[in-house]
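Asker: Below you will find the structure I want to go over with you.
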Amino acid sequence: MPMGLFWFLAVVTVIASLGVILQRNPVHCLLSLVVTLLAIAVIFIGEDAVVVGFLQAIVYAGAIMVLFLFVIWLLNIGADTGPSGHLALKFFGGVAAAALIAELLIFLLPPHLKVKFAGHSATYGSIESLARTLFSQYIVAFEITSILLLIAIVGAVALARRGPGSQLAKSASGSAPAERVL
Amino acid sequence: MTVEFGALGLILLFPLIGVLFNLFLGARLGRRWVNIVGPGVIFIAFALGIWAFAKILSMPAGSELHYKLWDWIEGGSFHVEFGLRIDALSAVMVLIVTGIGAFIHLYSDGYMAHDADYARFFTYMNLFALAMLILVLADNLLMMFVGWEGVGLCSYLLIAFWYSNPEFAYNGRKAFIANRVGDAGFILGMLTIIAVLGHGGVWSLDFGTIHRHLGLFTTTTATVACLLLFLGATGKSAQIPLYVWLPDAMVGPTPVSALIHAATMVTAGVYMVARLNFLYMLAPSAMMVVATIGAVTALFAGTIAIVQSDIKKVLAYSTISQLGYMFLGVGSGAFAAGIFHVMTHAFFKGLLFLCAGSVIHGLGGEQDMTRMGGLRKVMPITFWTMLIATIAISAIPPFSGFFSKDMILAGAYGSGHFGLWIIGVITAGITGFYMFRLLFLTFFGESRVDPERLHHAHESPPVMTIPLIVLAIAAAIGGWVGLPDGFLWGDLFSRFLAPTVGTFTPTVATPGVLLSVIALAISIVGIIIAWVLYIWMPGLPYLIAWRAKALYTLLLQKYYIDQFYNLIVTRPLFFVSNWILHRGVDRFAIDGTVNGTGIALETSGAIARRSETGNIQHYAFIYLLGVIGIVAYYLFLVMR
Amino acid sequence: MVPLPYMMALSAIVFVIGVAGFITRRNILIMFMSVELMLNAVNLAFIGLASRLGTMDGQVIVFFVMTVAAAEAAVGLAIIISVFRNRETVRADELNLLKW
Amino acid sequence: MIDLLIGAIKAILIIFLALNLAAILLWFERKGSALIQDRVGANRANITGFGKRLGLPNVGFVNTLMADPLKLFTKEDFVPQDADKFIHALGPFLALFPVLITFAVVPFGNEIRIAGRTINLQAAPINAAALYILATIGIGVYGVALGGWASNNRWALLGAIRATAQMISYEIAMGLAIIAVVVTYGTLDLQAICHAQGGVWFGWLPRWGVFVQPLSFILLLTAGMAESKRVPFDLPESESELIAGYYLEYSGGKQAAFMLTDFAEIVLVSALAVTFFFGGWQIPWLAANGFHLPGGAFIAVNPLVVSIFGIIAFFVKVVIFCWIQILVRWTLPRFRYDQLMKLGWKGLVPLGLANLLVTALVVVLTQGTV
């Protein structure tokens with residue numbers, strides 16, 4: 646990855662992720678997050694993690710974020726208009742975050758960071774090498790993950806299913822007309 | 007020759023299937039399924055056992071079948087595998103366990119027909135069969151111990167089967183605790199063997215390995231190991247001093263008494279001694295102890311049996327007495343004779359219990375012989391089968407008991423234990439007396455049955471009488487595999503077992519037939535006395551009891567052994583449990599500490615809860631501070 | 022190839038932005054998004070290190086992180102929906118039951 | 196530098212062709228629907244009149260190619276009062292952009308050799324192209340979703356929700372279809388997949404993917420039509436219930452962009468179907484040196500001409516599939532929404548999974564001997 650491209654992507658990533666936490670409207674935050682994710686996906690591809698990069702775009706940006714969008718719509722959340730209380734928390738949170746970033750930068754930059762650079766083959770990051778690692782060394786973890794996903798699906802359905810006579814079912818007409826059409 | 011034989015695993019598998027089926031599905035699918043599956047799995051195991059037995063027969067003498075299920079314990083150089091083996095000895099035991107077990111399971115279908123908890127009953131019974139098979143199939147001492155404990159557990163569960171009766175539950179506990187004492191001995195014996203072998207660099211409990219490294223044992227270590235293991239055997243096989251649990255164990259369902267407390271589990275001790283015969287041969291003094299305890303127990307229990315009036319109690323003391331015979335046999339070095347008696351005893355004692363069960367079942371739960379009599383007409387099949395069993399146990403030829411008892415007495419005499427032989431012969435007479443007393447009281451004479459009960463008295467259904475008939479045939483002709491040498495086909499049984507348990511060579515010249523005649527004569531004398539007392543002059547027993555009141559009371563109170571144990575063991579134990587452990591340690595020290603901790607936490611928590619706002623972001627913030635702290639610690643203190 | 026410290030610095034910055042968002046935003050959904058930011062920052066570090074060490078392990082971990090994130094999003098959003106049904110709010114400071 | 200230039204030319208070429216094809220499809224559709232409904236169809240606008248001058252009947256070709264865009268782009272660009280103006284403006288382009296960049300990996304011709312230089316006729320020859328397609332299609336959801344949301348209109352939001360749910364549902368079926376093909380050919384590279392479809396079986400049957408993966412083809416075509424949100428899958432924009440769905444509040448150029456997206460998606464689905472299942476640029480029996488007809492006949496052809504034939508063949512195939520899609524649009528009625536979801540989740544996804552399972556089994560068992 647050329648340095649220029651990296652700088653571009655890095656700036657996009659940082660600005661977009663700041664956008665996630667600074668904008669008022671959740672949809673705008675979500676859009677920023679999608680941009681962040683896509684920029685990170687491109688960085689992945691630039692770092693020879695081609696398959697993982699595309700999966701990031703497909704799974705994260707293409708599926709998980711749409712789920713977020715749905716929930717924002719479903720709950721009909723507007724922009725944050727409530728009182729902006731907890732100023733103390735914001736202040737101290739900002740200070741603590743600044744302290745953490747200072748520490749992490751010291752921690753992660755030379756001379757603490759010592760990684761031996763090892764070259765890698767041409768097929769590095771290809772779907773074949775990923776599959777070989779995944780289905781040999783990490784096969785158990787892989788299978789367990791599949792079970793985790795199954796559990797998550799069942800759990801999500803069980804949690805979000807509306808029982809008869811629940812509160813929202815009665816007041817559905819007001820808040821979420823979309824649900825009736827869907 | 008050792009052959010890998012996978013069907014050994016199947017022998018264990020089917021009882022296991024039975025356990026799981028009865029445990030999880032039995033109550034749901036109903037009585038019909040349980041009645042088929044419960045005995046069915048044991049019959050299949052029996053068939054597999056016959057297959058293995060035939061395979062053993064077809065192979066050269068001394069060969070064995072082996073099958074390793076999995077590696078069990080891997081601790082450095084210590085290695086135990088979960089392996090199964092069948093040689094001549096365990097083949098006989100497997101046939102006894104599965105064969106008699108199968109018919110007793112079948113009998114239980116009828117006996118438990120009116121009990122609501124049949125699924126639980128068959129679960130325990132199948133579990134017992136599984137544990138007993140593990141015990142006899144084990145190829146190492148540790149695995150044998152697993153089976154040993156397993157049968158102990160099942161025994162406890164089944165004695166206390168009707169647990170809602172506190173006395174029954176108490177008797178179950180008693181059996182369990184008496185066995186625990188013996189098991190402690192077993193464990194110590196096992197540890198002794200490990201210590202001796204490990205000292206010589208051998209880390210295994212495999213029977214074959216122990217056999218190969220016998221040279222590592224001195225007479226002293228072998229004696230210690232043997233005596234400790236024999237302590238385990240006295241617990242499991244109800245010998246002096248740990249026999250007290252067996253009579254009380256009769257409160258369980260009668261098929262349980264027949265299978266566990268007569269035919270199979272209680273012979274585990276004999277089997278263990280025979281299995282380790284090579285070790286016992288190294289320790290003559292231990293052998294002497296075994297033989298003496300066996301003989302004394304035989305006489306001791308026999309005398310108690312004379313005066314008991316509960317039909318099952320008589321049979322229980324008779325069992326203890328017969329087990330004493332077996333130990334007399336193996337203690338004299340006649341291992342094959344001991345195992346032979348295990349087999350014939352399993353036939354006729356199992357049968358006796360089943361007959362007793364049939365009588366009890368027919369009379370609606372009556373167990374007191376003084377309230378029986380004249381049942382010969384009411385229960386013909388039960389009567390005839392019980393007659394065969396009684397003749398067999400009284401050692402009248404050509405019934406099975408004669409041959410095995412004769413072989414044991416010949417062994418005792420041949421090994422030079424003349425005094426023990428005398429005791430054995432006297433016991434034979436006593437046996438004949440009390441067994442025929444039981445028979446006469448139950449089936450002959452005037453009926454003393456409660457008229458109400460007599461009205462309902464009936465012969466048992468075929469599902470119960472068929473096992474009786476099968477076992478009666480076995481009790482009648484089962485002894486013919488061990489005829490005296492030189493007579494017809496001779497002693498097939500000892501020759502079959504010889505590669506495993508060795509051949510008995512008498513050290514003292516035996517007068518052969520004379521010995522048998524003496525023992526037979528004494529038995530017949532005992533029977534005649536019984537006839538005189540209970541048929542010819544039925545008033546005489548009361549007179550004798552009145553005249554020899556002290557002796558009678560002593561016997562009736564079982565030599566006051568229970569009271570004695572109560573005084574020296576149970577009472578102090580309860581005292582310590584109640585006053586020191588319960589009130590002192592539990593209530594004061596432990597509860598005090600726990601409650602004090604709780605109170606302290608409650609108080610401090612009431613103060614600390616103010617910091618809990620319930621707002622997740624506050625928590626996250628604190629968490630963040632922690633992270634910053636940890637990173638700072640590494641950064642400025644560790645990595646610097 | 023981009024020098025490793027740059028990658029790690031980017032990862033650290035994105036991570037801390039996520040942390041800050043989680044602590045300061047009151048909308049549960051945006052807090053959730055901040056969590057996703059943190060996850061991605063960590064993924065970035067994994068990929069950067071894996072690529073330099075020449076092993077696939079880092080990429081496999083990222084794969085698993087994505088899978089778990091998908092599961093987490095499904096269950097987490099379902100929880101948010103059912104919380105919203107019961108409490109009619111998605112503001113973290115109004116959901117203060119986390120003290121019993 | 197010359198490589199960059201070649202790349203730029205390839206990119207411009209494929210985008211140009213795709214956009215023009217999309218525009219032509221507009222006319223195609225009008226005349227096609229007229230044909231089906233026994234009408235004359237568009238025949239009024241005659242801007243330059245050169246058709247008439249040439250003595251041809253007026254078929255409205257120029258009408259749709261020039262008059263429609265002109266009209267749309269000169270209309271007022273209306274933005275609703277409470278709309279989120281930024282996202283409202285962003286929406287159409289967010290929708291169009293992913294579709295157009297997807298064409299970058301579609302191989303529209305074989306490698307050609309000009310002046311000692313091999314040029315791969317694929318704008319972006321990346322080796323994970325199949326994943327790239329799935330990624331861009333996945334991102335394509337946002338344009339519609341955000342556009343509909345930003346309009347601040349109930350109908351538009353409903354349309355957007357429907358569109359989003361529909362698209363992410365059918366994406367799965369589409370992905371499964373593509374993965375089955377990828378497993379069959381053992382590569383993610385579309386050009387390699389095209390190459391693998393050259394040659395014949397039994398001496399006469401072209402080795403096209405549709406003969407190996409017929410089920411996958413049907414899945415891809417169905418899911419692709421659902422992705423392009425057209426009849427019978429046009430619930431997001433169904434005129435009769437949602438007026439125009441997610442682009443209800445759009446006018447002028449932005450609406451044109453949305454419509455262009457639809458047509459570009461038709462072209463894209465056709466191009467993918469052709470690439471995966473109908474040999475891409477492969478012509479039956481045509482090898483690099485000429486035609487090897489079944490029966491042993493041979494007609495020699497210049498390799499360069501073969502390459503040009505390939506490009507032409509690709510576009511002919513794409514046009515055929517566009518026509519098939521238009522045919523479907525004008526002959527089938529619209530689904531109900533629950534039927535749509537049922538078809539997607541209970542029909543296509545299990546079918547796709549089963550197909551993938553069988554494919555994987557066959558591939559493992561034969562170990563690539565076929």
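Sequence order for the protein chains is A, B, C and D.
According to our numbering, the residues represented by the first sequence are 646 to 827, in order.
According to our numbering, the residues represented by the second sequence are 7 to 646, in order.
According to our numbering, the residues represented by the third sequence are 22 to 121, in order.
According to our numbering, the residues represented by the fourth sequence are 196 to 565, in order.
All C-beta atoms, glycine included, are put in the ideal place defined by N, C-alpha and C.
1. Taking DSSP as the reference, what is the three-state secondary structure of E444(D)?
2. Taking 8 Å as the limit between beta carbons, can you name the residues of its chain near H217(B), skipping five residues before and five after?
3. Quick one: grab the DSSP three-state call for W396(D).
4. Please state the DSSP three-state secondary structure of E93(C).
5. Count the other CB atoms, across all protein chains shown, that sit within 10 Å of the CB of L733(A); report buried if there are 16 or more and exposed otherwise.
6. Suppose the cutoff is 7 Å on Cβ atoms and the five residues either side in sequence are ignored; what does the same chain contact list for F109(B) look like?
7. Can you pull out the residues from the stretch 37-63 of chain C whose beta carbon lies closer than 8 Å to at least one beta carbon of chain A?
8. Which residue from F472(D), K266(D) and V426(D) puts its Cα closest to that of G447(D)?
9. Determine whether the beta carbon atoms of I165(B) and A255(B) lie at a separation below 8 Å.
10. For G333(D), does the count of other Cβ atoms within 10 angstroms reach 16, so buried, or fall short, so exposed?
11. Can you look up D198(D) in the DSSP assignment and give me helix, strand or coil?
12. Beta-carbon of T619(B) versus every beta-carbon of chain C: anything under 8 Å?
13. Rounded to whole angstroms, how far is the Cβ of L22(B) from the Cβ of V469(B), which I believe are closer than 8 Å?
14. Is it buried or exposed for H462(B), if we count other Cβ within 10 angstroms and need 16 for buried?
15. Quick one, are the C-beta atoms of M375(B) and T325(B) less than 8 Å apart?
16. Please report the distance separating the alpha-carbon of L148(B) from that of M271(B).
17. Can you tell me whether DSSP reads R308(D) as helix, strand or coil?
18. Within its chain, find whatever has a CB closer than 7 Å to the CB of L489(B); leave out the 5 residues flanking it on each side and keep chain order.
19. Using a Cβ cut-off of 8 Å, pull out every chain B residue sitting near F117(C), in sequence order please.
20. Quick check on this structure: which residue in G438(B), P247(B) and V230(B) has the alpha carbon closest to the alpha carbon of L393(B)?
21. Please compile the residues from chain A whose C-beta is within a distance smaller than 9 Å of the C-beta of L641(B).
22. Nearest to T664(B) by alpha carbon, out of F223(B), N177(B) and V43(B)?
23. Does the stretch 442-457 of chain D come close enough to the stretch 547-564 of chain D to have 3 or more Cβ pairs within less than 8 Å?
24. Any contact between the stretch 655-674 of chain A and the stretch 46-65 of chain C? By contact I mean 3 or more CB pairs, one from each, below 8 Å.
25. If the cut is a Cβ gap below 7 Å, which residues of chain B does A113(C) touch?
26. Determine contact between the stretch 350-357 of chain B and the stretch 261-271 of chain B, defined as no fewer than three beta-carbon pairs at a distance below 8 Å.
27. Chain D beta carbons: is any one of them nearer than 8 Å to that of W652(A)?
28. Tell me which residue opens and which closes the alpha helix (DSSP H) that F486(D) is part of.
29. Looking only at C-alpha atoms, which of L754(A), V696(A) and L678(A) sits nearest to I321(D)?
30. In angstroms, rounded to a whole number, what distance separates the CA positions of F699(A) and R234(D)?
31. Is the CB-CB distance between F473(D) and W396(D) below 8 Å?
32. For the beta strand (DSSP E) holding T494(D), just list the boundary residues, first then last.
33. Quick one: what's got a C-beta closer than 6 Å to F486(D)'s C-beta in the same chain, skipping five residues either side?
34. Find out if the Cβ-Cβ distance for the pair I367(D), F471(D) is shorter than 8 Å.
35. Counting pairs of beta carbons, one from the stretch 29-45 of chain B and one from the stretch 72-92 of chain B, are three or more of them closer than 8 Å?
36. Evaluate contact between the stretch 203-211 of chain B and the stretch 288-304 of chain B, counting only Cβ atoms and requiring at least three cross-stretch pairs below 8 Å.
Answerer: On the basis of the supplied data:
1. In the structure shown, the three-state DSSP call for E444(D) is coil.
2. Short of 8 Å from the beta carbon of H217(B), and not among the five residues preceding or following it, lie these beta carbons of its own chain, in chain order: F284.
3. Correct three-state label for W396(D): strand.
4. Note: E93(C) maps to helix in three-state DSSP.
5. With the sequence shown as reference, residue 733(A) is identified as Ala, and Leu is not the correct amino acid for it. Counting of Cβ neighbours within 10 angstroms places A733(A) among the exposed residues, the total staying below 16.
6. Contacts found: P473, V476 and L477.
7. Taking 8 Å as the cut-off between beta carbons, the residues of the stretch 37-63 of chain C near chain A are V37, I38, G39, V40, A41, G42, I44, T45, R46, R47, N48, L50, I51, F53, M54, S55, E57, L58 and N61, in sequence order.
8. Selected option, being the one with the closest Cα: K266(D).
9. A contact, by the Cβ cut-off of 8 Å.
10. Result: buried.
11. Of the three classes helix, strand and coil, the one that applies to D198(D) here is helix, per DSSP.
12. It does; some Cβ of chain C falls within 8 Å.
13. Contact between L22(B) and V469(B) does not hold, since the beta-carbon distance rounds to 25 Å and is not under 8 Å.
14. Within a 10 Å sphere around the beta-carbon of H462(B) sit fewer than 16 other beta-carbons, which makes this residue exposed.
15. In this structure, T325(B) does not lie closer than 8 Å to M375(B) by Cβ.
16. Spanning the two alpha carbons is a distance of roughly 17 Å.
17. Looking at R308(D) - three-state DSSP - the assignment turns out to be strand.
18. So the qualifying residues of the chain are F409, W495, G496 and D497.
19. One detail in the question is off: residue 117(C) reads as Asn in this sequence, not Phe. Neighbours of N117(C) in chain B, taken as residues at a C-beta separation under 8 Å, are given in chain order as T619, G620 and N621.
20. With distances taken between Cα atoms, L393(B) lies closest to G438(B).
21. Chain A residues near L641(B): E748, I751, F752 and H757.
22. This structure cannot settle anything about residue 664(B), because the visible part of chain B is limited to 7 through 646.
23. Taking a contact to require three or more Cβ pairs closer than 8 Å, the stretch 442-457 of chain D and the stretch 547-564 of chain D do not qualify as touching.
24. Yes, the stretch 655-674 of chain A touches the stretch 46-65 of chain C.
25. Here the neighbours are N621, I622 and Q623.
26. In short, these stretches touch, since the Cβ pair count reaches three.
27. By this cut-off, W652(A) is not an interface position.
28. For F486(D), there is no enclosing alpha helix (DSSP H); the residue is part of the beta strand (DSSP E) that begins and ends at G485 to H487.
29. Residue V696(A) is the option with its Cα nearest to I321(D).
30. Taken atom to atom, the span from the alpha-carbon of F699(A) to that of R234(D) is near 47 Å.
31. Cβ atoms of F473(D) and W396(D): not closer than 8 Å.
32. Here residue 494(D) is Ile; the residue named in the question, Thr, does not match the sequence. I494(D) -> beta strand (DSSP E) spans F493 to A495.
33. W480 and I494.
34. Judged by beta-carbon spacing, F471(D) lies beyond the 8 Å limit of I367(D), meaning their Cβ atoms are not closer than that value.
35. The stretch 29-45 of chain B vs the stretch 72-92 of chain B: no contact.
36. Counting C-beta pairs with one atom in each stretch, the stretch 203-211 of chain B and the stretch 288-304 of chain B have fewer than three that are closer than 8 Å, which means they do not touch.
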